[in-house]
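Let me begin by presenting the structure, written as structure tokens, before commenting on it.
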Amino acid sequence: MSQLPKGWVKCKLSEFSAIEMGQSPKGEFVGDSEIGLPFYQGKTEFGKWYPTPRKYCSQPTKIAEKNDILLSIRAPVGPTNLCPEKSCIGRGLASIRAFEEQSQKYLIHYFRYIEPWLSEQGTGSTFKAISGGFVRDIDVLVAPLNEQIRIADKLDSILAKVDRAQARLDKIPGILKRFRQSVLAAATSGELTKEWRDSNINESTVFSEIQELKINWARENAQHNEANRVLKRATEYDNKKPRINVELPSSWAFESLEDCVLMIVDCHNKTAPYVQSGIPLIRTSNIRDGKFIWEDLKFVDEETYAFWSKRCPPEQGDIIFTREAPMGEAAIIPPGQKVCLGQRTMLIRPIESHISASYLLLTIMDPGFKRRSDLLAVGTGVKHYRVGDVSNLKIPIPSSSEQTEIVRRVHDLFALAEVVEKNYVDTIQRVNLLSKSVLAKAFRGELVTQDSNDEPASKLLERIKSADVVSKEKKKAELKPKAASVKDVLIDDERIHGALQRQENFSVDLESRSHDLFRASYQAEILKAQKLLSDAKFSVEQFRSITDFKGGYDELKALIMNLLKGIPNISEPLLAIESWDDKSGEYLMHLVKQK
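One point on numbering: in my numbering, the residue at position 361 of the sequence shown is 361, and numbering is uninterrupted.
Below you can see the structure in the form of structure tokens.
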């Protein structure tokens, strides 16, 4: 933005907010059980606005507070969420908290606005990331505080409507998928053409004729690699076998796939050597939803094609079927297209005069066929179909004339679905652009009316800077209290009594019944410790952090001593020393199991 709106300023993020770069805790303190704080590692836990915890940490190293902005700083860079509660953050995140509390909503909208730019700023050969220095130096466009509030409220209102529209649109792909599956199920059960059969003469497909055609083809093409197999299958066909009891129209048949086609041929089960250009090699990734995907193709030369296709060169009108990764996808080779079978695919050659490729494709895409074939899938890791199992799968077969009518009706219904799908894609693109355009308008100062009475943003930054200076001076004046050591809390009556009596600002008599009131006054912190630190080892500072202890150091020390020792005949110890370091005097504690 070349010129800022009136009253706005540009500053570094570190001048406007507190920034905490994440750091991964030790693995021994991280687990699935809800002990400690929720632990967020990066974008993988993010939702639309709030993350979902998958891990917990009993001894966090870096902490984000409730409502902090969580910024993904590592693969990918730029996405944001709001921290739902006090949490541990790993090295894939930074937490950001505006110095002015009322600026927090404005700030997360600003990060959503600059996300496309941020996503391109990462560096690194393995994982793109941004450093703490980069985060601190991010430019922020700061509006007057009152205008920030108006902008954030307006964006909340508009983007909530956009989100609701997005949620409704997100249902459309699932609706279209179910619609197509319903059409296919109706088509292959006879329901789709029930009225058509009532008004048309409908003859059954004569499978003995199909087998005769196959026998004649095998004899006329005796040199073909598949001739003997085709001949054997056709001559062994039993035309008098009992009909399987399925709910189909009386004029329909229910036959094995290979008995309905000329042949089924497996691929050459090795990875073909690729060349830069040549004959397309159809891999399993190149077939989806009844169509070929002509992007991300691999190619083979003529020599490789001849060897890989020696069993049966693919022809136009053949169906290529995938039997692994994924299973059950199929598509028809279009006219004039020369292709080579890739690994884990099969070729199905129809007899078009009796059973069309277009109808066969519908039966293969039918959810019922998918369910039946998946029952036969084998493999401990990646499941796959065996060629023989696929060959013997049953499919419903109507007469040639009804096949033609079914294909026509399915085509028309699918065409309607494609129109809806195209409208959905166009609309979703417009919705996405709307969010971006609204954010851009907001940070150009054009979304809400400016008020000349608003205090300029420069005054806000001056107050922030002044408060920062005062805070730093106060910290310099304060003496940092010595961390509690094991020597302070050894189970020795005289030492504990003496330690408490020496506290100038908070003196407690352990023998006084009134001390019970002291423990009771911190009941919320104690209950939180019992919930979040069960089975954990923790330091005094970690106790303070986990329980969100608000008192001073003297109060914390007195509470720890109370919980370690208890009061005879009044209260039991709740904490015990786990271990200590003689050199540093630091110690770890654990919760005492209650009787």
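Ideal Cβ placement from N, Cα and C applies to all residues, glycine included.
Look at isoleucine 355 here: in three-state DSSP terms it is coil, with no helix or strand label. Contact between isoleucine 282 and phenylalanine 292 holds, since their C-beta atoms are separated by about 7 Å, short of 8 Å. Remark: C-beta atoms of glutamine 316 and serine 356 do not approach each other more closely than 8 Å.
When the Cα atoms are used, glycine 388 and proline 53 turn out to be separated by approximately 47 Å. The Cβ neighbour count for glutamate 34, taken over all protein chains shown within 10 Å, is under 16; the residue is labelled exposed.
Under DSSP, the beta-bridge partners assigned to serine 17 are Ala98.
At a Cβ-Cβ threshold of 8 Å, threonine 547 and glutamate 525 count as neighbours. The alpha carbon of asparagine 392 has as its nearest neighbour, out of Ala576, Ser373 and Gly190, the alpha carbon of Ser373.
Scanning the stretch 518-550 from its first residue to its last, the whole alpha helix (DSSP H) runs of 4-plus residues come out as 523-532 and 540-547. Annotation note: the stretch 124-156 contains the following uninterrupted alpha helix (DSSP H) runs of length 4 or greater, listed N- to C-terminal: 132-136. Ranking Val142, Ile428, Gln337 and Pro350 by CA distance to the CA of valine 230 puts Pro350 first.
At a Cβ-Cβ threshold of 8 Å, leucine 70 and cysteine 83 count as neighbours.
By the C-beta density criterion, proline 51 is buried, having at least 16 other C-beta atoms within 10 angstroms.
Between threonine 427 and leucine 93, the C-beta gap is not smaller than 8 Å, which leaves the two residues out of contact.
Scanning the stretch 314-398 from its first residue to its last, the whole alpha helix (DSSP H) runs of 4-plus residues come out as 357-365, 367-374 and 387-391.
Of the candidates Thr322, Leu37 and Leu13, Leu37 places its Cα closest to the Cα of serine 545. Only residues of its own chain outside the window of five on either side were considered, and among them Phe16, Ser17, Ile69, Ile96, Ala98 and Val140 have a CB closer than 8 Å to the CB of leucine 107, listed in chain order. Look at glutamate 236 here: in three-state DSSP terms it is coil, with no helix or strand label.
Look at the beta carbons and you see the stretch 114-124 not touching the stretch 401-417: under three pairs across the two are nearer than 8 Å. Around the C-beta of arginine 197, 16 or more other C-beta atoms lie within 10 Å, and the residue is accordingly described as buried. Within the stretch 186-219, the complete alpha helix (DSSP H) segments at least 4 residues long are 194-198, listed from N- to C-terminus. Around the Cβ of threonine 44, a 10 Å sphere holds fewer than 16 other Cβ atoms; the residue is exposed.
Within a 10 Å sphere around the beta-carbon of glycine 174 sit fewer than 16 other beta-carbons, which makes this residue exposed. Every beta strand (DSSP E) stretch that sits fully inside the stretch 392-442 and reaches 3 residues is listed by chain position as 394-397.
Taking each of Pro273, Glu226 and Gln121 in turn and checking the Cα distance to aspartate 266, the smallest one comes out for Glu226.
Gln530 is the residue among Ile332, Gln530 and Ala222 whose C-alpha sits nearest the C-alpha of glutamine 594.
Closest option to lysine 298, judged by alpha-carbon separation, among Ala306, Asn286, Trp308 and Glu203: Asn286. CA-to-CA, the gap between proline 313 and serine 400 works out to about 27 Å. The three-state secondary structure of phenylalanine 292, taken from DSSP, is strand. The way I'd put it, the stretch 241-259 does touch the stretch 205-222; three or more beta-carbon pairs between them come closer than 8 Å.
In the structure shown, threonine 80 adopts extended strand secondary structure according to DSSP, grouped into three states.
Glutamate 247 sits in coil when the DSSP states are folded into three classes, being neither helix nor strand. Residues of the same chain with a CB within less than 7 Å of the CB of lysine 86, apart from the 5 flanking positions on each side, are Leu37, Ile63, Glu65, Lys66 and Asp548 in chain order.
Rounded to the nearest whole angstrom, the C-alpha separation of proline 273 and arginine 344 is 15 Å. Boundaries for isoleucine 567: no beta strand (DSSP E) harbours it, and the DSSP string shows neither H nor E there.
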